[in-house]
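Participant: Okay, so the sequence shown: first residue is 675 according to the numbering used here, each after it adds one.
Below: one structure in structure tokens.
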Amino acid sequence: MTLEIRHCTHPKHAKHYTTEELREEFLIEKLFVTGEMKMVYTHEDRTVIGGVVPTSEITLEAHPSWNTSFFLERREIGIINIGPHGIVKVDGEEFTVNTKDCLYVGLGKREVTFHSVDENNPARFYFVSALAHKEYPTRKLPIEEATPVHLGDDSQSNKRTIYKYLHGGGIQTCQLMMGMTILAPNNMWNTMPAHVHDRRNEVYLYFDLDEQNRVMHFMGEPSETRHIVVANEQAIISPSWSIHSGVGTGNYTFIWAMAGENYTFTDMDFVDMNDLK
């Protein structure tokens with residue numbers, strides 16, 4: 675297990691960042707390494723972002739710097755498999771997590787391990803973890819049982835389907851919200867008109883991109899936008915002061931996860947197109 679630590683960035687400072695500095699602060703370039711677990715700890719709402727590609731059993735462990743006995747001692751976690759079928763064991767209970775299924779594990783569970791059904795074609799588990807104050811039950815939600823929300827249309831190049839996994843009307847959590855948006859073929863735009871939510875941060879994982887395709891992820895204050903070029907299976911840390919929108923050179927899928935003060939999914943401040951610069 676490897677851990678990288680990212681600190682918070684003031685929006686006044688971000689205005690002056692070079693392309694490389696923007697990428698160093700907000701882009702997670704390599705989360706998925708065969709046979710390993712990689713994690714990024716961001717001080718934005720103390721969120722942990724991770725990727726696991728198990729070719730043998732890999733255990734979720736707390737980093738020594740956290741001063742906790744186990745990972746979920748003060749945390750909750752949402753896990754989505756973006757690869758072939760896998761298995762997650764939670765204190766001995768086994769959950770089969772197929773492609774695009776979500777598993778929630780709450781506060782207090784001591785042992786979480788990741789496994790692949792076929793170690794020659796391993797699962798690719800993506801997870802986001804936030805601080806927790808109360809224990810909620812471990813629950814799995816297959817994508818087939820998640821309620822799809824269809825938005826957008828071809829005329830705006832943003833026809834997409836949203837699957838909400840962890841939220842007030844789905845799997846109950848302390849503060850973590852998590853879901854997935856799948857863009858229809860020939861549609862490229864997401865989350866435009868843009869918005870911010872000053873009461874929580876958001877993390878995007880872009881995947882299902884062809885090797886040569888890219889997403890132009892737009893961030894920054896509405897009056898000071900910037901962009902980061904994102905490849906397949908790369909993630910973006912979006913601070914509460916930043917918009918988070920993107921357009922791709924082909925269609926793609928992304929997982930969104932939020933943590934912070936407000937647990938209401940619709941709590942967002944939309945940006946008028948006339949104010950976007």
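Here a beta-carbon is modelled for each residue, glycine too, at the ideal position from N, C-alpha and C.
All of these numbers come straight from a predicted model, not from anything done at the bench.
For Arg874, which of helix, strand or coil comes out of DSSP?
Facilitator: strand
Participant: Which full runs of the beta strand (DSSP E) of 3+ residues lie inside the region 728-795, going along the chain?
Facilitator: Complete beta strand (DSSP E) runs here, min 3: 749-755, 760-764, 767-771, 776-779 and 786-790.
Participant: DSSP state of His687, grouped into three classes?
Facilitator: helix
Participant: Could you please give the first and the last residue of the uninterrupted alpha helix (DSSP H) stretch that includes Leu696?
Facilitator: Thr693 to Phe700
Participant: Less than 7 Å between C-beta atoms, sequence neighbours within five positions excluded: which residues of the same chain meet that for Gly780?
Facilitator: Here Gly780 has Glu750, Ala806, Glu809, Tyr810, Pro811 and Thr812 as same chain residues with Cβ atoms under 7 Å from its own Cβ, once five neighbours each way along the sequence are excluded.
Participant: Which same chain residues, not among the five before or five after Asp827, have their C-beta less than 6 Å away from its C-beta?
Facilitator: Lys833
Participant: Rounded to the nearest angstrom, what separates Met862 and Gly920 at their Cα positions?
Facilitator: 8 Å
Participant: Examine the Cβ distances between the region 816-824 and the region 894-906 and report whether three or more of them are shorter than 8 Å.
Facilitator: no
Participant: Assign Gln908 to one of three DSSP states: helix, strand, or coil.
Facilitator: Gln908: strand per DSSP, three-state reduction.
Participant: Where do the N-terminal and C-terminal ends of the beta strand (DSSP E) with Lys838 fall, by residue?
Facilitator: Arg834 to Leu840
Participant: Compute the Euclidean distance between the alpha carbons of Val714 and Val903, then round it to the nearest angstrom.
Facilitator: When rounded, the distance between both Cα atoms is 19 Å.
Participant: In the DSSP output, which residue or residues are listed as bridge partners for Pro822?
Facilitator: Answer is Tyr837, bridged to Pro822.
Participant: Going by DSSP, what residues sit across from Met713 in a beta bridge?
Facilitator: Leu677 and Gly724
Participant: Start and end of the beta strand (DSSP E) containing Ala933?
Facilitator: Thr927 to Gly934
Participant: Please report how far the alpha carbon of His717 lies from the alpha carbon of Glu907, in whole angstroms.
Facilitator: 22 Å
Participant: Should Thr693 be labelled buried (16 or more other beta-carbon atoms within 10 Å of its own) or exposed?
Facilitator: exposed
Participant: What separation, rounded to the nearest whole angstrom, lies between the Cα atoms of His824 and Met932?
Facilitator: 20 Å
Participant: I believe Gly752 touches Leu840 by the beta-carbon criterion, under 8 Å. Please report the beta-carbon distance rounded to the nearest angstrom.
Facilitator: 5 Å
Participant: Starting from Arg813, trace the beta strand (DSSP E) both ways and give me its first and last residue.
Facilitator: Element bounds for Arg813: Arg813 to Leu815.
Participant: Have a look at Ile723 and Phe788 and give me their C-alpha separation to the nearest angstrom.
Facilitator: 15 Å
Participant: Helix, strand or coil, according to DSSP, for Met947 in the structure here?
Facilitator: helix
Participant: Would you mind stating whether Ala797 and Ser803 have Cβ atoms separated by less than 8 Å?
Facilitator: no
Participant: Measuring straight from C-alpha to C-alpha, what distance separates Ser730 and Ala736?
Facilitator: Computed Cα separation, rounded: 19 Å.
Participant: Give me whichever residues DSSP pairs with Met893 in a beta bridge.
Facilitator: Arg900
Participant: Would you check if the distance between the CB atom of Leu746 and the CB atom of Gly725 is smaller than 8 Å?
Facilitator: no
Participant: Helix, strand or coil for Ser829, going by three-state DSSP, please let me know.
Facilitator: helix
Participant: Check the C-beta distance from Gly782 over to Arg873 and give it rounded, since I have them as a contact under 8 Å.
Facilitator: Contact doesn't hold; Cβ gap of about 26 Å is too wide.
Participant: Please indicate yes or no: does the CB of Arg748 lie closer than 7 Å to some heavy atom of the ligand PLP?
Facilitator: Among the ligands in the structure shown, none appear at all, so the ligand PLP cannot be discussed.
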